[in-house]
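Chains as they are written, first to last, in my numbering: chain L, 2 to 141; chain W, 478 to 724.
And the structure:
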């Protein structure tokens, strides 16, 4: 299922948000403002991701463990968090926007794909391992 | 296992002060045929406010006071205290070939000085640790026979490559006092434990110095995770990024 970014949701009309609510399973009400709907959608998306996480960082979909080798899948690591998403075909810039809230990604994070520093315009491929380098702790 | 161990711990604060006895205890019980020297480097002194995160027996220079307590406990190890900050002027005196440096400083300017210098050595290991309130990381930079086995810290982390702010040796006492900020003892302890884990891998596991299992460890106390990341060296410098990525 597509994961909507906050920016993407802000660009939608109330009607568009209603469709997204239906798609992700968030409660829709005409009484709710757009920011309230966006908050509800993001909360549902986040809830769907978190309980499905295995201790090793891999995620499950319908009882099946995902592998970064499956078509469309990319492992994304940001600091101590690592999960697999179906985001092959997206640029890193777009993926960072979509996953920013979920993985607490610094917008200025330097991207590495399979250990190599790349530009954010790089298009992710099946099985790629994307690391968004988190700043070092600077105390000791 | 290496034939001898020359360990230097730079920064004896919340991380370095916790790390020093752990590494010393481990080295105390190595084979007697392996000489071990451990040098502690810090120009700062223990003060009352340090007691929340650091164990010390008296006020005074951190390197000197800590070495006093270690000498009594670990007679198998040769300890040296250097009661001054590491600077570009004294680094070549403190770090020689085949050194294992634990960088436990709280500023990126000093990290960069050490990272750059290690990059000039033929054989050396740099293990650098740092934390924020509840998360942090440990980075590994290995040089073997004049080549990078892992990437330098500056080549991955822009905040180390382009440090902001002053190093302690550039600060006045007032500036140093103002620079200290709230930290959690547990976060310091996790960093030092992960540094020990790294040390164990590198000195005990056959071939780990040539092919380390990881180049960086991240931890986050709030989600209860540690993530290991590889830092493959700069074979990538010889091919374009596009070529490497499409492989």
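Virtual Cβ for every residue (Gly too), placed ideally from N, Cα, C.
query	result
Given residue 531 (chain W) as reference, the closest of W:662, W:574, W:547 and W:646 once Cα atoms are compared	W:662
Burial state of residue 687 (chain W) (16 or more Cβ within 10 Å)	exposed
DSSP state of residue 704 (chain W) mapped onto helix, strand, coil	strand
Residues from the segment 101-119 of chain L in contact with chain W, defined by Cβ distance under 7 Å	111, 114, 115, 116, 117, 118 and 119
Spatial distance of residue 75 (chain L) from residue 667 (chain W) (CA atoms)	29 Å
C-beta neighbour in chain W for residue 136 (chain L), strict 9 Å	yes
Beta carbon of residue 581 (chain W) nearer than 9 Å to that of residue 489 (chain W)	yes
Spatial distance of residue 566 (chain W) from residue 619 (chain W) (CA atoms)	23 Å
Per-residue DSSP class, three states only, for residue 62 (chain L)	With a pLDDT of only 40 at residue 62 (chain L), under the threshold of 50, the placement of this residue in the model should not be trusted; the figure read from the coordinates follows. If DSSP states are grouped into helix, strand and coil, residue 62 (chain L) belongs with the strands.
Distance between residue 118 (chain L) and residue 492 (chain W) (C-alpha atoms, nearest Å)	30 Å
Local Cβ density within 10 Å of residue 559 (chain W), reported as buried at 16 or more and exposed below that	buried
According to DSSP, residues forming a beta bridge with residue 619 (chain W)	W:602
Cβ pair residue 669 (chain W), residue 630 (chain W) closer than 9 Å	no
Residue of W:608, W:660 and W:514 minimising C-alpha distance to residue 501 (chain W)	W:514
Environment of residue 52 (chain L) [buried if 16+ CB atoms lie within 10 Å]	Note on residue 52 (chain L): pLDDT 43, under 50, position unreliable in the model; no value is reported.
Residue 611 (chain W) versus residue 137 (chain L): straight-line alpha-carbon distance, rounded	12 Å
Residue-level contact to chain L via CB, residue 616 (chain W), 9 Å cutoff	yes
CB contact flag (residue 704 (chain W), residue 83 (chain L), <9 Å)	yes
Minimum Cβ-Cβ distance from residue 491 (chain W) to chain L less than 9 Å	yes
Alpha helix (DSSP H) segment containing residue 133 (chain L), residue limits	First-last for residue 133 (chain L): 130-134, but that is the beta strand (DSSP E), not the alpha helix (DSSP H).
For residue 577 (chain W), the three-state DSSP class (helix, strand or coil)	strand
Proximal residues to residue 91 (chain L) (C-beta, below 8 Å), its chain only, five neighbours per side dropped	99, 124 and 125
Length of the line joining the Cα atoms of residue 648 (chain W) and residue 570 (chain W)	22 Å
Interface flag, residue 44 (chain L) vs chain W, CB-CB below 9 Å	no
Three-state class that DSSP yields for residue 483 (chain W) in the structure shown	strand
Under 9 Å from the C-beta of residue 658 (chain W): neighbouring residues of chain L	140
Neighbour list for residue 132 (chain L) in chain W, Cβ cutoff strictly below 8 Å	706
7 Å Cβ cut-off: residues of chain L touching residue 633 (chain W)	134
Whole-angstrom C-beta distance between residue 547 (chain W) and residue 556 (chain W), which should lie under 8 Å	6 Å
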